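Take a look at the structure below.
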Amino acid sequence: MPTDHSYPPLPEPLVVGVYDNHTHLDPPPSKGSGDENEGPEREVLDYLEQLDRASSVGVRGVVQVGGDVESSIWAAEQAAREPRMLAAVAIHPNEAPRYDEAGQLDEALAVIAELATRPRVRAIGETGLDFFRTPQEGRAAQFRSFEAHIEIAKANGLALQIHDRDAHDDVIETLLRVGAPERTVFHCYSGDGAMARICADNGWYMSFAGTVTFKNAENLRDALEIAPRQLLLVETDAPFLTPTPLRGRPNAPYLLPHTLRFMASHLGTDVSMLAAQITSNTELVYGTWDSEPVTAE
Ligand SMILES: [Zn+2]
1 MPTDHSYPPL PEPLVVGVYD NHTHLDPPPS KGSGDENEGP EREVLDYLEQ LDRASSVGVR
61 GVVQVGGDVE SSIWAAEQAA REPRMLAAVA IHPNEAPRYD EAGQLDEALA VIAELATRPR
121 VRAIGETGLD FFRTPQEGRA AQFRSFEAHI EIAKANGLAL QIHDRDAHDD VIETLLRVGA
181 PERTVFHCYS GDGAMARICA DNGWYMSFAG TVTFKNAENL RDALEIAPRQ LLLVETDAPF
241 LTPTPLRGRP NAPYLLPHTL RFMASHLGTD VSMLAAQITS NTELVYGTWD SEPVTAE
């Protein structure tokens, strides 16, 4: 059967709302990189349509996450005028070596430091280490960029959103050496139960994505059981990581209820109780979505 590349139907609305604390709603880059040849065309939804669908099923708001200069500016600008959106800004760990090679990493970090002072930018992310995609020669730039992002988060009292792929030990070592910001989030948590204990001991948040529903992800479900409830967050990382049973189709914030319901069922708890706890955690990390006036154009 051919894979269905259209957006899945709306799930049943949540009774108690939650936030998607990590998503990418910016339009895909239209640069002639050749990426557009990778597989069949994906249905594209405008971010306002995405947010409307999310609201209709109880996903109250999102943190829109940047990964390079352009997407970070986009996040900060849209969040300034959209009450359902807050922004996170950063140079992604796989982008850092590219900027560095072009001699533009310091300049890019300066843009992030400036964006960090904008009113509805509430987090620095996604930053961290990725040893899966970045080979050895790019890692010095990755470390330098990660450390700079930690300092920007601390200087502005912002949360830190960490991207950690195949780099658990080095991410933890760096956080402990440089000093983690007060609110530190492992986005798309990918560690096991033992690492969840380390996060718990340090008061670091663990944000679970659709990956926790994947069949072979026993390590994530172990971590979910061990993570203190007050350190739990939930996210989609849309358009990636669509939860089971919708894998292969595009992901979106309105699909968050699937992951939340899976987590509640795995933990043997009530969906609304878990949603209330996660919403309170999310507002502690990022502040409230509607606390500041939205800038008029
Ligand atoms: Zn992401």
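Under full-length UniProt numbering, the first residue of the sequence shown carries the number 1, and numbering increases by one thereafter. We put the beta carbon where it would ideally sit given N, CA and C, even for glycine. Please read these numbers as outputs of a predicted model, since none were measured by experiment.
For residue i, which beta-bridge partners are listed by DSSP?
{"i": "histidine 163", "result": "Gly128"}
{"i": "glutamine 64", "result": "Thr23 and Ala87"}
{"i": "threonine 184", "result": "Leu160"}
{"i": "alanine 123", "result": "Ala88 and Ala159"}
{"i": "valine 178", "result": "According to DSSP, which records beta bridges pairwise, valine 178 is partnered with nothing at all."}
{"i": "valine 18", "result": "Val59"}
Residue i and residue j: beta carbons closer than 7 Å?
{"i": "isoleucine 232", "j": "isoleucine 198", "result": "Sequence check: residue 232 is leucine here, not isoleucine. Not a contact, by the Cβ cut-off of 7 Å."}
{"i": "histidine 168", "j": "glycine 191", "result": "yes"}
{"i": "valine 234", "j": "leucine 255", "result": "no"}
{"i": "isoleucine 150", "j": "valine 178", "result": "yes"}
{"i": "threonine 282", "j": "tyrosine 47", "result": "no"}
{"i": "alanine 238", "j": "threonine 23", "result": "yes"}
{"i": "glycine 58", "j": "arginine 84", "result": "no"}
{"i": "alanine 148", "j": "proline 97", "result": "no"}
{"i": "proline 250", "j": "leucine 14", "result": "no"}
{"i": "alanine 80", "j": "arginine 120", "result": "yes"}
{"i": "alanine 76", "j": "leucine 115", "result": "yes"}
{"i": "alanine 227", "j": "valine 16", "result": "no"}
{"i": "proline 181", "j": "lysine 154", "result": "yes"}
{"i": "leucine 25", "j": "glutamine 50", "result": "yes"}
{"i": "arginine 183", "j": "valine 285", "result": "yes"}
{"i": "arginine 221", "j": "histidine 266", "result": "yes"}
{"i": "phenylalanine 143", "j": "aspartate 166", "result": "no"}
{"i": "proline 253", "j": "histidine 163", "result": "no"}
Cβ-heavy atom distance between residue i and ligand 1 below 6 Å?
{"i": "aspartate 237", "result": "yes"}
{"i": "valine 65", "result": "yes"}
{"i": "glutamate 126", "result": "yes"}
Taking 6 Å as the cut-off, does the CB of residue i come closer than this to any heavy atom belonging to ligand 2?
{"i": "threonine 23", "result": "Absence of ligand 2 from the depicted structure is noted, with ligand 1 being the only ligands included."}
>> With three or more C-beta pairs closer than 8 Å as the rule, is the stretch 119-130 touching the stretch 56-74?
In response: Contact holds: three or more Cβ-Cβ distances are below 8 Å.
>> Counting beta carbon pairs with one atom in the stretch 201-218 and one in the stretch 235-245, are three or more of them shorter than 8 Å?
In response: Result yes; three or more Cβ-Cβ pairs closer than 8 Å.
>> List, from N- to C-terminal side, the beta strand (DSSP E) runs of 3 residues or more that fit wholly inside the stretch 228-280.
In response: The qualifying runs are 232-234.
> If you scan the stretch 187-216 from start to end, which runs of the alpha helix (DSSP H) of 4 or more residues do you find wholly inside it?
Replying inline: If we require 4 residues or more, the alpha helix (DSSP H) runs fully inside the stretch 187-216 come out as 193-202.
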